[in-house]
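Quick notes on the structure that follows.
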Amino acid sequence: MGKTLFDKVWDAHVVDTIENGPQILYIDKHLIHEVTSPQAFNELEERNIPVFRPDQIVATADHNTPTINQHLPIKDELSRKQLEQLSENCHNNNITLYELGHKYNGIVHVMAPELGITQPGMTIVCGDSHTSTHGAFGTIAFGIGTSQVAQVFASQCLLLTKPKSLRVTVNGKLRNGVLSKDVILYIISKIGTNAGTGYFCEYAGDVFENMSMEGRMTVCNMSIEMGARGGMIAPDETTFEYVKGRKFAQKGEAFDKKVAYWKTLPTDDDAVFDKEYHFDAEDIEPMLTYGTNPGMGIKISEFIPETSDASFEKALDYMNFKKGETLIGKPINFVFIGSCTNSRIEDFRIAADYIKGKRKADNVTAWLVPGSKQVEAQIIEEGLKIIFDDAGFELRQPGCSACLAMNDDKILQGEYCVSTSNRNFEGRQGQGARTILASPLMAAATAVEGKIIDITKQLN
Amino acid sequence: MEKFITLKATAIPLDIENVDTDQIIPARFLKVTNRDGFGKNLFRDWRFQNDGGINTDFILNQSQFAGPILVAGDNFGCGSSREHAAWALTDYGFKVIVSSFFADIFKGNALNNGLLPVQVSPQFLKELMTTITADPKTKINVDLEAQTIGIDGSNHSEAFHIDAYKKTCMINGYDDIDYLLSKRETIKAFEKTLQA
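See below:
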């Protein structure tokens, strides 16, 4: 029987197998940030264990950083101390850190791919559930807890039981105005938030084959929102072309050798998955969420379902929406374009392309938060900032920002935010804030109109 | 890590599905750099009103319900990988979480902190919820050695699954670092075989 992409990468990293127990999996790259690493460093220090492979760790500050005036000292004492702790820990352990203000600083899942740290066939972990993003390169990448961060520090390995395999295939041609974000929101709305629990997912079919690396990262990013530890897409010419020439990518012959290996990774024709789903690209429309988990999504033309269930009703109550109603026409006062899901250059090009020549509605506060310093520089270089400025949008500095509202970028109590981020949980974007997940195009259109519109009507 | 062998205690029914780790511990409390004291902010935005007042509707604020076992709805612990969620639950005093389904990362984090996730059938979960709600003094028996969970004083019980390796760790209070450190030479040998 043939092997899946996942099998091939996993099997190449198994150090040892415990009888009737987990396997020891070798980790190629370990990404860390300020929020989930300090306790792991403390643990190593308390137990007098050195960091085993500091060269395979890369750190950035992203979760708890301000997105304005990054050159000034951070006002919030706890946040400042957390960043200082990261710097101190990295310095003491010889770990590369792209701290606040560094030209490579950014959201961990934006920064690593754009530097060529992320490459096909690797195992990558980070104390962050959206580590699944890196699976877009055909890499096994998944989020871990802080105890596991300490384990990787100590041994560059993790004890894991091999997950089951799942494949989601989407074939056909996407309709006008349907973006990669809509594809993944559609999939989650169809299969639910725990369909992937216990599985590693592969996305297959021409919809993903035709996507850019940015689009593939958006899809893989949200794998965790259907419960899957990670999602992968087979590496191909699009992948090789993206990695080629990046800072940490091999050069010349060494790169060619890598590519030759990467070409052996795609799933064999006769490989069998534990579970499979198939969807038709033509069935997908621009998507919106109406509830408090990412599975509660509908197409723009659909109405909120009439489900009778306590958890469902609790969610609608929180969102102040009614069963059977449409979201079209709902007034919206906040729009956020950013997060590790949608803060790459392509996302800002899409937003700018729509916004150009239009103006932000007066009732809307619109935050554009690039995923990294490099994305920020590119926005300026490509002239997108001028478009945003002219339209009344605020381009802020890189970071996780209002996706998790750990810093000051919080949506106000009771307000709706059309957001390109990944989670619409209660209070995720601020206490009492109500999140509607959408694509960068839908978010840009909402900001211009001051309410939710059916974007397809404008495009067709 | 603290050992876990058996527990006979009362439980708190949290009849909500898809409890995510943002609810267990909101992001704004993740700014500290140690593992202590997260219990006071456990389920912060459900336990307290926005003005800081107690939300008396929330189950943890109803004094008839108490105990180190939390019985929660399907898909508990979904969302963010923050281990702070497991720290908040243990700091508050929970030793066992019962649900019909756990999110992967949370489950691993719980096991790494001596907090036992017990997965039961949806039917048994419903029975536990109903029984505890009707009589908050009901005791629940959790036996990790035998891998069973039951309602005390009745013959209603169920077997639960746990990875054999993790079971040994929980019973003996071992953690994965000890094991991985013992394998360093094997790991070094493996590194030499990796594709350059």
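Chains A and B, in that order, are what the protein sequence lines are. Residue numbers for the first sequence follow this note's numbering, beginning at 6 and rising by one. Residue numbers for the second sequence follow this note's numbering, beginning at 465 and rising by one. A virtual CB, placed ideally from N, CA and C, is assigned to each residue, including glycine.
Out of Gly235/A, Phe213/A and Phe57/A, the CA that lies nearest to the CA of Val157/A is found in Phe57/A.
Leaving aside the five residues that flank Lys631/B on each side, the residues in its chain whose CB is nearer than 8 angstroms to its CB run, in chain order, Leu608 and Gln611. CA-to-CA, the gap between Phe468/B and Ala396/A works out to about 60 angstroms. Excluding sequence positions up to five before and after Glu48/A, its CB lies within less than 7 angstroms of the CB of Ala155, all in the same chain and listed in chain order.
The alpha-carbon of Leu575/B is positioned some 7 angstroms away from that of Met634/B. Using a 10 angstroms sphere on the CB of Asn505/B, the tally of other CB atoms reaches 16 or more, which defines it as buried. The three-state reading of DSSP puts Ser527/B in coil, since its state is none of H, G, I, E or B. Contacts between Asp515/B and chain A, judged by CB atoms closer than 9 angstroms, are missing: the closest CB pair is about 11 angstroms apart. The shortest C-alpha to C-alpha distance from Ser348/A to any of Asp314/A, Gln383/A, Gly121/A and Ile333/A is the one to Gln383/A. For Cys162/A, no alpha helix (DSSP H) run applies; the uninterrupted beta strand (DSSP E) run containing it begins and ends at Cys162 to Leu165, by DSSP. Interface criterion not met: the Cβ of Ile441/A is under 7 angstroms from no Cβ in chain B. Taking a C-beta distance under 7 angstroms as the contact criterion, Asn539/B and Asn199/A qualify as a contact pair. According to DSSP, Ser377/A shares a beta bridge with Gly111/A. Contact of Val20/A with chain B by beta-carbon distance below 8 angstroms involves Lys647, Thr650, Ile651 and Phe654. Counting C-beta atoms within 10 angstroms of its own C-beta, Gln526/B has fewer than 16 neighbours from the protein chains shown and is therefore classed as exposed.
When rounded, the separation of the alpha-carbon atoms in Ser137/A and Glu207/A is 11 angstroms. Taking C-beta atoms under 8 angstroms as the contact rule, Gly177/A and Leu446/A fail to qualify, at a distance of about 19 angstroms.
For the stretch 554-568 of chain B, the beta-carbon criterion of a distance under 9 angstroms to any beta-carbon of chain A is satisfied by Phe565, Phe566, Ala567 and Asp568. For Asp642/B, the three-state secondary structure derived from DSSP is helix. By the neighbour-count criterion, in which 16 or more other beta carbons inside 10 Å mark a residue as buried, Met411/A falls on the buried side.
Legend: CB atoms of the stretch 479-500 of chain B lying less than 9 angstroms from CB atoms of chain A belong to residues Asp479, Ile480, Glu481, Asn482, Asp484, Thr485, Asp486, Gln487, Pro490, Ala491, Arg492, Leu494, Lys495, Val496, Thr497, Asn498 and Arg499. Closest option to Gly617/B, judged by alpha-carbon separation, among Leu494/B, Ser585/B and Thr474/B: Thr474/B. By the Cβ neighbour-count rule, Leu77/A is exposed, with fewer than 16 other Cβ atoms within 10 Å of its own. Between the beta-carbon of Gly111/A and that of Gln75/A there is about 12 angstroms, and that puts the pair past the 8 angstroms contact cut. Taken atom to atom, the span from the alpha-carbon of Ala159/A to that of Met237/A is near 27 angstroms. From the listed residues Thr70/A, Leu293/A, Ala209/A and Thr151/A, the smallest Cα separation to Ala286/A is found for Ala209/A. Burial is judged here by how many other beta carbons sit within 10 angstroms of a residue's own beta carbon; Met6/A has fewer than 16 and is exposed.
The Cβ of Gln87/A sits closer than 7 angstroms to at least one Cβ of chain B. In chain A, no part has a C-beta under 8 angstroms from the C-beta of Leu524/B; the shortest such distance is about 16 angstroms. For Leu417/A, there is no enclosing beta strand (DSSP E), as DSSP marks it with neither H nor E. Thr9/A: not part of any beta strand (DSSP E); DSSP gives it neither H nor E. In this structure, Gln61/A places its C-beta atom within 7 angstroms of the C-beta atom of His35/A. At the C-beta level, Glu330/A and Ser217/A stay beyond 7 angstroms of one another. By the Cβ rule, the stretch 397-408 of chain A counts as touching the stretch 65-74 of chain A, because three or more pairs are nearer than 8 angstroms.
In the DSSP annotation of this structure, Phe565/B is not part of any alpha helix (DSSP H), being labelled neither H nor E. Taking one beta carbon from each stretch, the stretch 7-19 of chain A and the stretch 270-279 of chain A have 3 or more pairs nearer than 8 angstroms; the two touch.
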